[in-house]
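Here our numbering is used: the first residue of the sequence shown is 3, the next is one more, and so on.
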Amino acid sequence: MLTVGDELTPIEINEVLAEDVLEWSSILNDPNPIHLDPKASAANGLGNRTVNQGPANLGAIINLIVSNFPDGMIEVIDVKFVGNVFSGDSLRASGRITDVNRDRDCSRIRCAVELRAGNRIALTGQVEIRLPGQPQSYRCSDE
């Protein structure tokens, strides 16, 4: 039974690889030099490592939710990007349940989430998930 205060099983990434940051730049069609060249990062006061793309960071939060709620459907993602993730950083996506609303057909779960890059918070916010009461049902009775 899911209850308020339950911690989600975290997702950990040992290291953000520079080649992965470069590949995400291509996938996202994001030619910003801070993602491509450590010298560009340094010239912008960001240190001497490439900066990971925001959507890739958000992906860690989505993976957190999907791994903890495999039958769920994400309804709301409301996050703030509050810090950078750099190549070489280790990541930890974590969360806890802050609200549970149940009816006869489904449950709506709200979670506080955060992504840490080492000891720095990179992303924080809330995610709302709908869980079916029965495997075939993704509709709550109020719809």
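Ideal Cβ positions, reconstructed from N, Cα and C, are used throughout, including at glycine.
- Per DSSP, ILE63 is one residue of the alpha helix (DSSP H) stretching across 56-70.
- Remark: C-beta atoms of ARG110 and ARG132 approach each other more closely than 7 angstroms.
- In the three-state reduction of the DSSP assignment, ASP22 falls in the helix class, which pools H, G and I.
- In this structure, LEU10 places its C-beta atom within 7 angstroms of the C-beta atom of GLY97.
- When rounded, the separation of the alpha-carbon atoms in GLY49 and ALA62 is 23 angstroms.
- The beta-carbon separation of VAL115 and LEU60, rounded to 10 angstroms, does not stay under the 8 angstroms limit for a contact.
- LEU30 places its beta carbon 7 angstroms or farther from that of PHE83.
- Shown here for ASP80: same chain residues with a beta carbon closer than 7 angstroms to its own, the five before and five after excluded, namely GLY127 and GLN128 in chain order.
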